[in-house]
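Taken in sequence, the protein lines are chains D and X. Residues 1 to 421 (the numbering used here) make up the first sequence, in order. Residues 1001 to 1767 (the numbering used here) make up the second sequence, in order.
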Amino acid sequence: MKRRDYLRLLAGAGLVTTGLGATTGLAGSLFGGQRTQAAGEYGGPLFVAFSATGGWDILMHCDPKASLSNAYGNGGIATAGAIKYANVGTNADFFNTHADRLLVLNGVDVATNNHAIGRRHTFTGRLDDTHPHVAALVAGSWAPQLPLSFIGEGTTDETRGVVAKTRLDNADALYDLAKPNLVNPQDVEDLRMYQSETATDMISQWRADRTAQKRASQNLPRLQSDLDNIQTVRAGANELALLQQYLPDPLSDNAQRRKIQITVAAYKAGLAVSASFMRRSFDTHDDNDNQQATLLGQLFGDINFLWEEAERQGVANDLVVMVGSDFSRTPQYNSRNGRNHWETTSMLLMGQGIEGNRVVGATDGGLNALRIDPNTLQESSDGILLQPKHVHRALRDLLGVSTDLDERFAMTDEVLPLLTG
Amino acid sequence: MKRTLPGTLALLVTAPVWLAGCYNGSNDEESPFGPPPAGEGGDSAADDDDGEPAAEEPTCVETGDFFREQVWAPFMSTQCLACHNPSGLAKHTDFVLRASDVPGYFEANLAALDYVGRLEIDGMPLLLAKATNTVPHGGNAQIQEGDSRYEALAELIDMLGAPVHCADDADYAAFFEGVEQMDLPQTLRRAVFSLTGRYPTAEEAGLVAAGGEQSFDALLRVVMDEPAFGTRLMEIYNEMLLTDAYLPGTLGLQLIDEGDYPGVNWFSNLTGTALSTARNRSNDAIAREPLELIRYIVDNHRPFYEIITADYTVANGYLARVYGLPLDGFTDPDDPAEWHKVQIEGIPHAGVLTTPAYLNRYPSTPTNVNRMRALVTLQYFFATDVMRLGARPLDPDAGAGHNPTMNDPACTSCHEILDPVAGAFGNWDDTGRYRPGPWHDGMLAPGLGQVEVPMESDESRLSWMAIEMAGDSRFSQAVVRTLYKGLTGVDPVDEPTDPSAPDYAARIRAFQVQDYLFKEVAQQFTFSGYDVREAIIALTKSPYFRAINVGEIDQTRGFELADIGASVLLSPLQLHRKIANVTGYAWTDENGSLLPLGRPYHLMYGGMDSNVVTEPLEELNGVMVNVAERMANEVACTTTALEFSLPPEERKLLPYVELDSTPGLDESEIRDNLVYLHERLLGEYLGTDDPQIDQTYELFADLVADGVSGIAAGDYEATLIAPCSVINDATTGEPLEVPIVDDPDYTVRAWMGVIAAMLGDHGFLYE
């Protein structure tokens, strides 16, 4: 099905919201509201992507095959709702908790066994080095001016100039930065300022005027982009203080969970749109099963924690989660009980606008991708291979990627009804 | 001979023509570098005398361009290369092509075509006969007579008989027509700061202003003998090597095998501060060994290829103890900055490649078998990005078969390059210990490319390979690419691979121009005896370092110039140095500077730890803007009153004004100081009546007016807050006779505002 036809169908089914005009966002988005210019008022999706960096083993979770794995032991292959999974490690907790919201895409062909390129293909939808990470694209579409619009903690976080990437490192430092004009922001009773509020406004205006003047006479694209960016990020920088009222106290001792807490709080405060996280060390050429079980436990633990935190902050209904990896691992073990690189992999999607408790796509007994009918999504020998571009097409439509960015970073026009069946 | 092309082809080449006649590397042409910057006599050829754009001239197409755009990109790079590659089914034929990821592929493929293109069978070019299967062809018919590919190939064969060089077309410089570039004094300012973290003195600037390019070159050579240059070069190389990952804690010490080096924990009998100092410095020395070796080579004017070929390493007193080396050559073995050339007995050194930090930063495993080491070594020191070969989609229906890395074409395209180099690392085990022994039978023999390591060099394979690498032009190109990224903050342009993309023609031109520059600079570097300073000088004079603007351009021109522009967001370390240099004081808290690694703002301001965070942020984000805002406020606070406590000749920011200099009465002095600040903090050279100075004067005057009225109304204090006041002499620490605490005219705070405004401005945060 072509995208324009899909959108027409969506419109007919009443799934197209009217909040996003064709000039601002793709009409398929389920997220309402206009693009906002003000920090604190953002109300679009919270999109979070997780990368199992190094190449996860899909036999160890969402595409189990007893004939190919020695790992299952007594747990065997279990089922959560309509989803089969390898019952190893902490998988049961993850799949049973999330089956209703979980869409498993199996038999995804990333067409490479090269780490960086596979990761890029998974998270940008393109094999070549041209497109931004989908989380950057979403942030750039909705609110690039927010101070924490795109929190990039991954390794394939190319932004291609659509939004500035932010790192989270030191929550204490964020307190100081939230009020850069206060001498001692940690002491609520110390109200001394370096500059008066009037002076601060004058200084800001002087800088803004200079930047605008430089921008008006600048024609080199790279320098234009720098000046545009600094204008954009200055616009929302003053609102970083809004974060403070939503940060948990105390924050988790676990660095990854702390970042997740800050991300959710930042979204709640209207300061963030999307984030990209990763877990490393999935490149298990040795001792595959034990290592993968441990690493998947950590990865799924992060995702569990994200959902818990989103629910605690009351934003779970706005959350969309994507989980992917560089590629998967070979159906055969190597001589060191490891597995090498394999281009057929899986992706996991969860959240608002995604019909869960489903598996789309499949692999054969040798872990080769099976072709599917693009309309029914059922196996079909004369169908198509499911590729990252199809997933990205669907995600862009769901997440309201703006029309101009969608055209600037072109994706396939071939729409598969992946998210809603 | 000129050739014009009709129809769709012409569309590909109607943008400003460049390169023609100068892309063959001939030495008898004028240097294409450094078109005169605006204001130095350069006229734009884009305009006629009447001011109207020049009429489009008939298009000349270089044979090489025709090959690249009409043959290679549309079909030869896929259909033909699939078999006609060094490991493909047609590897034993006379027609073997190289993938575009391999440096030099273009020239090699043109040469292969030139040879095969001359062959005929029954009056028909053999290439056409084979491609159409008119004569038996292992790959059957790939093209049909009459289709566009056939026509293009036939045209190319015809052109190869009499190669087209569009000698009277515009050359390389035309690519940069209309691009405004810094003049030499501005270029000097940027270059000296980029290389040393300081700005040129007035005397240095004067020398260059008077002496022109020759003085510029000479001065930069002197500047690059300063210790700060070595530090900067280490930073540039660490962004690539990432060996600083081992600086924290004892991560470096953990790389050293106690069996090989029993002295690794030589400090264990010490106690207290002596123990922690010795342990920390030993750890840092291990981590810094590869970067210090690079510094040593440059400081001592040794040929730069020794960074991979040196049959020695370097050690300070701490590393010497770790390695069990004698200390008698050290003036002060406890000085961590005193590094000497050393050799470790029994170790066949190969520059940075055999340092524990490098070998462990890119570790191996029994299944990886040194391929990671090979991958990065080829990328860092041989301008060969094997990863790009993997960007081609694998055929999902193709089977892998037995030992696919040697037999499956989908794998061999990378592994035929990778595995010989992996074998060259074969005498070094997974944890970086020297353990000579036989290499794996199931992999290609150790070597470089098609050349195998000779038996007599087997125990020093890596040294042999490094020498082979260093003798190849690709080593020089790799150095130039690294320096380019370090100087401009921009990644080198990759050759675009999708000829159907609307911006393909523009982007390929951008690639070709830059490729041309890199090869020229690499050649200068080689001819200079591998003097890295000469490569840097050439790069700083190129438009990539100097471009600051261009006239109105269309979208195609925008694609061509996408990566041009002299603007780099300062790294945290560069910002730290700049603040200290221009104000005289670092941005600190009670624990020291706030921006270096390990301090609160280093990672938040886009820095790396070389371990988890391995790429710097290259654009400001909302958090970084606030870091800059706090920096601007705090630095302005601590420096402004301090400035007024010094005699004018010792001041770095406010030499022309006093506490009682007020708008109106002292406008001239204030404007003089604003001109000075614009130059010192923002690198802007303005007159006192420049509109920008008017704007800043207005800011100062408004700040004073608001302050005075605020004090009168009781809204503001008439005194400075404690952190911004000065009661002790900055040099002696003795109490000042007249402490600067009161600010009844609001001038101190107004200057604080002006300085803070500039410190947080784009012009200060970017260079």
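Here a beta-carbon is modelled for each residue, glycine too, at the ideal position from N, C-alpha and C.
Drop a sphere of 10 angstroms on the beta-carbon of residue i, count the other beta-carbons inside from all chains shown, and report buried for 16 or more, exposed for fewer.
i         : result
X:Ala1055 : Reliability fails at X:Ala1055, whose pLDDT of 39 lies under 50, so the model's placement of it is uncertain and no value is given.
X:Tyr1530 : buried
X:Val1748 : buried
X:Glu1650 : exposed
X:Ser1268 : exposed
D:Val401  : buried
X:Tyr1115 : exposed
X:Leu1270 : exposed
X:Pro1125 : buried
X:Phe1764 : buried
X:Leu1275 : exposed
X:Thr1583 : buried
X:Ser1077 : buried
X:Val1754 : buried
D:Gly28   : Residue placement at D:Gly28 cannot be trusted, given a pLDDT of 49 that sits under 50; the coordinates are not used to answer.
D:Val188  : exposed
My guess is that residue i and residue j are in contact by the Cβ rule of under 8 angstroms, so how many angstroms apart are they, rounded?
i         : j         : result
X:Leu1686 : X:Gln1692 : 6 angstroms
D:Ser225  : D:Gly161  : 5 angstroms
X:Leu1255 : X:Pro1356 : 4 angstroms
X:Leu1184 : X:Met1234 : Incorrect: roughly 28 angstroms between the Cβ atoms, too far for contact.
X:Val1192 : X:Tyr1261 : The Cβ separation is near 41 angstroms, so there is no contact.
X:Leu1699 : X:Ala1632 : About 14 angstroms; that fails the 8 angstroms criterion.
D:Asn368  : D:Tyr333  : Actually they do not touch by this definition, with Cβ atoms about 17 angstroms apart.
D:Val110  : D:Pro388  : 6 angstroms
X:Val1298 : X:Gly1230 : 6 angstroms
D:Phe150  : D:Thr130  : The pair is not a contact, with the Cβ atoms about 18 angstroms apart (cut-off 8 angstroms).
D:Thr263  : D:Val48   : 7 angstroms
X:Gly1423 : X:Gly1447 : 7 angstroms
Can you tell me which of the options puts its alpha carbon nearest to the alpha carbon of residue i?
i         : options                                       : result
D:Asn235  : D:Phe409, D:Gln145 and D:Ser276               : The question names Asn, but residue 235 of chain D in the sequence shown is Ala. The shortest C-alpha separation from D:Ala235 is found at D:Gln145.
X:Ala1310 : X:Thr1331, X:Asp1742, X:Arg1435 and X:Pro1348 : X:Pro1348
X:Ala1445 : X:Thr1277, X:Ala1131, X:Pro1420 and X:Pro1596 : X:Pro1420
X:Phe1644 : X:Tyr1716, X:Asn1581, X:Pro1572 and X:Ser1725 : X:Ser1725
D:Ala136  : D:Asp128, D:Leu177 and D:Thr124               : D:Thr124
D:Gly107  : D:Leu405, D:Met411, D:Gly76 and D:His390      : D:His390
D:Val312  : D:Leu295, D:Gln261 and D:Leu271               : The sequence given here places Arg at residue 312 of chain D; Val does not occur at that position. Comparing Cα positions, the closest option is D:Gln261.
D:Asn375  : D:Asn229, D:Met322, D:Leu385 and D:Leu367     : D:Leu385
X:Asp1147 : X:Thr1132, X:Leu1160, X:His1137 and X:Pro1647 : X:Thr1132
X:Gln1181 : X:Asp1689, X:Thr1540, X:Leu1646 and X:Glu1629 : X:Thr1540
D:Leu102  : D:Gly338, D:Pro248, D:Ile354 and D:Ala116     : D:Ile354
X:Ala1112 : X:Ile1286, X:Phe1067 and X:Thr1134            : X:Phe1067
D:Glu379  : D:Ala394, D:Pro45, D:Asp283 and D:Val360      : D:Val360
D:Ser274  : D:Ala139, D:Asn219 and D:Ala78                : D:Ala139
Return the first residue and the last residue of the alpha helix (DSSP H) that residue i is part of.
i         : result
D:Ile303  : Asn288 to Arg312
X:Lys1541 : No alpha helix (DSSP H) contains X:Lys1541, which DSSP labels as neither H nor E.
X:Ala1756 : Thr1747 to Leu1759
D:Gly140  : Val134 to Trp142
X:Pro1086 : From DSSP, X:Pro1086 is part of no alpha helix (DSSP H); its letter is neither H nor E.
X:Asn1238 : Pro1227 to Leu1241
D:Ile262  : Ala255 to Lys268
Considering just the uninterrupted stretch of the beta strand (DSSP E) at residue i, what are its terminal residues?
i         : result
X:Leu1681 : From DSSP, X:Leu1681 is part of no beta strand (DSSP E) but of the alpha helix (DSSP H) over Glu1667 to Leu1682.
Quick one: does residue i have its CB under 8 angstroms from some CB of chain A?
i       : result
D:His61 : Of the protein chains in the structure, D and X, none is chain A.
Taking three-plus beta-carbon pairs below 8 angstroms as touching, is the segment 1712-1727 of chain X in contact with the segment 205-214 of chain D? no
Counting beta carbon pairs with one atom in the segment 186-206 of chain D and one in the segment 1674-1690 of chain X, are three or more of them shorter than 8 angstroms? no
Contact between the segment 1216-1228 of chain X and the segment 1590-1603 of chain X: three or more CB pairs below 8 angstroms? no
Any contact between the segment 1085-1096 of chain X and the segment 1518-1532 of chain X? By contact I mean 3 or more CB pairs, one from each, below 8 angstroms. no
How do the segment 1478-1493 of chain X and the segment 1562-1571 of chain X stand: do at least 3 beta-carbon pairs fall below 8 angstroms, yes or no? yes
With three or more beta-carbon pairs closer than 8 angstroms as the criterion, would you say the segment 340-352 of chain D touches the segment 70-87 of chain D? no
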